[in-house]
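Peer 1: Input: one structure, supplied below.
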Amino acid sequence: MSILGLKKKQPKTFKVKVITMDAEMEFSCEVKWKGKDLFDLVSRTVGLRETWFFGLRYIVKDTYAWLKPEKRVLDQEVPKDSPITFHFLAKFFPEKVEEELVQEITQHLFFLQVKKQILDEEIFCSPEASVLLASYAVQAKYGDYDPNFHKPGFLAQDELLPKRVLMQYQMTADMWEEKITAWYAEHRGIARDEAEMEYLKIAQDLEMYGVSYFAITQNKRDTDLLLGVDAQGLHIYSPNSKLNPNKSFPWSGIRNISYSEKEFTIKPLDKKKDVFKFYSSQLRVNKLILQLCIGNHDLFMRRRKVDSIEVQQMKAQAKEEKARKKMERQILAREKQMREEAERAKEEMERRLFQLQDEARLANEALLRSEETADLLAEKAQIAEEEAKLLAHKAAEAEQDRQRFEVTAMKTKEEKRLMEQKMREAEQLAVKLVEQSEKRLKEADHLKQDLTEAKDAERRAKQKLLEITKTTYPLIAAYSTPPAPPEAADFAYESASTRLDFKDSDMKRLSMEIERERLEYMEKSKHLQDQLKELKTEIESLKLEEQQQQAGVYSLRNEARGYVQEPVYIPHSNRNSAYMSQSQMAFFEEV
4 MSILGLKKKQ PKTFKVKVIT MDAEMEFSCE VKWKGKDLFD LVSRTVGLRE TWFFGLRYIV
64 KDTYAWLKPE KRVLDQEVPK DSPITFHFLA KFFPEKVEEE LVQEITQHLF FLQVKKQILD
124 EEIFCSPEAS VLLASYAVQA KYGDYDPNFH KPGFLAQDEL LPKRVLMQYQ MTADMWEEKI
184 TAWYAEHRGI ARDEAEMEYL KIAQDLEMYG VSYFAITQNK RDTDLLLGVD AQGLHIYSPN
244 SKLNPNKSFP WSGIRNISYS EKEFTIKPLD KKKDVFKFYS SQLRVNKLIL QLCIGNHDLF
304 MRRRKVDSIE VQQMKAQAKE EKARKKMERQ ILAREKQMRE EAERAKEEME RRLFQLQDEA
364 RLANEALLRS EETADLLAEK AQIAEEEAKL LAHKAAEAEQ DRQRFEVTAM KTKEEKRLME
424 QKMREAEQLA VKLVEQSEKR LKEADHLKQD LTEAKDAERR AKQKLLEITK TTYPLIAAYS
484 TPPAPPEAAD FAYESASTRL DFKDSDMKRL SMEIERERLE YMEKSKHLQD QLKELKTEIE
544 SLKLEEQQQQ AGVYSLRNEA RGYVQEPVYI PHSNRNSAYM SQSQMAFFEE V
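Here our numbering is used: the first residue of the sequence shown is 4, the next is one more, and so on.
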């Protein structure tokens, strides 16, 4: 066996992993492939034609490098891993994105890369601009804002703002989302490529956009500086300030750039200006700086020339593509609008149908209720008719009773009038009897007084007569006349006694008449009292009958009306006007 047979066969291919901003791809490459072959394969796979902006970047120790197109891949300082990892990124940035970026895929890759640089704080962005850029990023991702679909919290999983901005203000995630959504709602109608282009147009005005920074020193004093390379030229910065350069060298003002190992020399086009020299510590970094300077300068000069046939075709195709997409978007928007209108009309018809169904259901229910109500009303009407007949019958009976009670009441009133007349006559008679009794009492008192006086006078006369008789009779008999015969004396005595007897009989007769009249008066008074008691009893019975009649009339009226009313109260004043007063009755009772 020969020594050559013992040697291990070298592989004819190697594996490569390419990471773009939105995808990862793996390729099997031939050993003899150059960097251009791999780059063209990736560009074709992605669909990219504006290849001059991009490159394949890889990590070398503590820095990065770009794959050179003219050298074989394995001959460069690429990692020895399998697969070899490359990042497909924008190497050069346009001055005006709207004019230079033709393809939509180019815009999309630039948008993703610039967005990542802003979020990673490789490009400084103010909080206000960050919120505005975030709103365009949301528009590019989610389309038009729809409050019914994009509920609060729909941005919770998206990284939209730099951490520096989030830490700068004491605001919650919901507050930031509310601010971004307020701007996002105003971008309605903007397509994804338009939103990404608006994002890049705002980002290209940021100071650190498209700038590659390198640490350098100046002269032998080893003053630390920063070199910035971008599409405009070269810029010298202080280490602590990447926003405002201390000195700038535009590509239009640079005549030549050269380096010798670690020393760089920038020769201005104006020979009167001094040559600027700076130093870099690593040879690999110097090569990278020179590579970026050459590429940016070539693009700078290319922009100021007439576009090549390829670029013109690309722009024409892009213009046609944009016009076609715009037309498609307009058609889609019209179709969407028509579909929305049709859906709204459908919803309106469905709503109207449901409404009509509800109305029909309600109408049927109302019809059923009305039929039930009609039946119930008919039944109630029949019952009411029967009740009306019954009430009419009762009303007729009540009217008859009322007329009968009215007749009875009229009779009662007439009887009451007669009784009142009798009462008045009885009162008048009582008054007369009282007056007569008082007069007779006065006469009896006078007669008694006269009788007493007469008896006193008779007694005094008898006494005086006896005295006179005793004292004068003997003298007369002795001196004047002869004594009378006994018959004469007896006659005189008898005559005197007769006169006295006559007076006594008158007094007795008078006393008997007075007694008789008193008895007659007492009998008349008793008889009158009996009559008054009977009259009082009749009046009370009439009062009871009248109250019963009135109660019967009211109860009949209430039955005719369908309700019962309380008995009518007769005021005391009316009762007194119809009958005797209590004082008069008491008087007759005393009598």
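The C-beta atom is built at its ideal place from N, Cα and C for all residues, glycine as well.
Should E180 be labelled buried (16 or more other beta-carbon atoms within 10 Å of its own) or exposed?
Peer 2: It is buried - the Cβ of E180 has at least 16 other Cβ atoms within 10 Å.
Peer 1: Is S31 close to chain C? Criterion is C-beta to C-beta, closer than 8 Å.
Peer 2: The question asks about chain C, but that chain is absent: this structure has only one protein chain.
Peer 1: Quick one, are the C-beta atoms of E107 and D196 less than 8 Å apart?
Peer 2: Contact: yes.
Peer 1: Assuming L229 contacts P242 under a Cβ cut-off of 8 Å, what Cβ separation, rounded to an integer in Å, is found between them?
Peer 2: Going by Cβ atoms, the distance from L229 to P242 rounds to 6 Å, so yes, they are a contact pair.
Peer 1: At the level of alpha carbons, what is the spacing between H90 and K276?
Peer 2: Going from the Cα of H90 to the Cα of K276 covers about 40 Å.
Peer 1: I want to know whether the segment 186-205 touches the segment 141-148 - three or more CB-CB distances under 8 Å.
Peer 2: Taking 8 Å as the limit for Cβ pairs, the verdict is that the segment 141-148 does touch the segment 186-205.
Peer 1: Smallest Cα separation from G50: which of T23, K539, L444?
Peer 2: Cα-wise, what sits closest to G50 is T23.
Peer 1: Taking 7 Å as the limit between beta carbons, can you name the residues of its chain near A140, skipping five residues before and five after?
Peer 2: The residues are K118, L163, Y202.
Peer 1: If I'm right that L272 touches R258 with Cβ under 8 Å, what's the distance once you round it to whole angstroms?
Peer 2: Their Cβ separation, rounded to whole angstroms, is 4 Å, which keeps L272 and R258 in contact under 8 Å.
Peer 1: Where do the N-terminal and C-terminal ends of the beta strand (DSSP E) with Q294 fall, by residue?
Peer 2: Element bounds for Q294: not the beta strand (DSSP E) but the alpha helix (DSSP H), 286-306.
Peer 1: From R427 to A433, what does the alpha carbon distance come to, in whole angstroms?
Peer 2: Spanning the two alpha carbons is a distance of roughly 9 Å.
Peer 1: DSSP three-state label for R195, please.
Peer 2: Three-state DSSP puts R195 in a helix.
Peer 1: Report, in whole angstroms, the separation of the C-beta atoms of V232 and S244, which I expect to be a contact under 8 Å.
Peer 2: With 8 Å as the limit, V232 and S244 do not qualify as a contact, their Cβ atoms being about 17 Å apart.
Peer 1: Taking only the alpha-carbon atoms, compute the straight-line gap between Q171 and L112 and give it to the nearest angstrom.
Peer 2: Computed Cα separation, rounded: 29 Å.
Peer 1: Here's the rule I'm using: 16 or more other beta-carbon atoms within 10 Å means buried, otherwise exposed. How should M515 be labelled?
Peer 2: Looking at its Cβ environment, which holds fewer than 16 other Cβ atoms inside 10 Å, M515 is exposed.
Peer 1: Applying the criterion that 16 or more other CB atoms from any shown protein chain within 10 Å of the CB defines a buried residue, is Q315 buried or exposed?
Peer 2: That one is exposed.
Peer 1: Relative to the C-alpha of K265, which residue among E417, K290, L335, L545 is closest?
Peer 2: Cα-wise, what sits closest to K265 is K290.
Peer 1: Just the C-alpha distance for D448 and Q532, rounded to the nearest angstrom, thanks.
Peer 2: Each residue's Cα considered, the two are about 25 Å apart.
Peer 1: Taking DSSP as the reference, what is the three-state secondary structure of V117?
Peer 2: Of the three classes helix, strand and coil, the one that applies to V117 here is helix, per DSSP.
Peer 1: Using the rule of at least 16 other Cβ atoms within 10 Å of the residue's Cβ for burial, across every protein chain shown, is P165 buried or exposed?
Peer 2: When all chains shown are included, P165 counts as buried.
Peer 1: Would you check if the distance between the CB atom of K539 and the CB atom of L436 is smaller than 8 Å?
Peer 2: No.
Peer 1: In angstroms, rounded to a whole number, what distance separates the CA positions of L313 and E324?
Peer 2: Checking the displayed sequence, the identity of residue 313 turns out to be Glu instead of Leu. Going by the C-alpha atoms only, they are around 16 Å apart.
Peer 1: Please classify E33 as buried or exposed, where buried requires at least 16 neighbouring CB atoms within 10 angstroms.
Peer 2: E33 should be labelled exposed.
Peer 1: Assuming contact is defined by CB atoms lying nearer than 8 Å, are L535 and K419 in contact in what I supplied?
Peer 2: Their beta carbons are not under 8 Å apart, which means L535 does not touch K419 by this criterion.
Peer 1: Closest to Y282 by CA distance: which of S251, P253, P248, Q221 is it?
Peer 2: Ranking the options by Cα distance to Y282, first place goes to Q221.
Peer 1: What distance in whole Å lies between the Cβ atoms of V134 and I183, which are believed to be in contact at a cut-off of 8 Å?
Peer 2: With a Cβ gap of about 6 Å, I183 and V134 count as contacting.
Peer 1: Measure the beta-carbon distance from Y67 to R75 and round it to whole angstroms, keeping in mind my assumption that it falls under 8 Å.
Peer 2: Incorrect: roughly 20 Å between the Cβ atoms, too far for contact.
Peer 1: Using DSSP with H/G/I as helix, E/B as strand and the rest coil, what is V21?
Peer 2: Of the three classes helix, strand and coil, the one that applies to V21 here is strand, per DSSP.
Peer 1: Considering only residues of the same chain and omitting the five flanking positions on each side of L450, which have a CB-CB separation below 7 Å?
Peer 2: Hits under 7 Å: L513, I517.
Peer 1: Which stretch, first to last residue, makes up the alpha helix (DSSP H) that contains R60?
Peer 2: Taken as a continuous stretch (DSSP letters only), R60 belongs to no alpha helix (DSSP H), being part of the beta strand (DSSP E) at 57-63.
Peer 1: Can you tell me where the beta strand (DSSP E) with T268 in it begins and where it stops?
Peer 2: First-last of the beta strand (DSSP E) with T268: 266-271.
Peer 1: The alpha helix (DSSP H) that contains G38, what's its start and end?
Peer 2: Residues 38-49.
Peer 1: Among K64, P82, I121, W55, whose alpha-carbon lies nearest the alpha-carbon of E103?
Peer 2: Of the listed residues, the one whose Cα sits closest to E103 is W55.
Peer 1: Would you kindly report the start and end of the unbroken beta strand (DSSP E) that includes W186?
Peer 2: Not the beta strand (DSSP E): W186 falls in the alpha helix (DSSP H), residues 176-187.
Peer 1: Mind listing, in chain order, the continuous alpha helix (DSSP H) runs of no fewer than 4 residues lying wholly within the segment 71-150?
Peer 2: Within the segment 71-150, the complete alpha helix (DSSP H) runs of at least 4 residues are 100-103, 107-122, 130-145.
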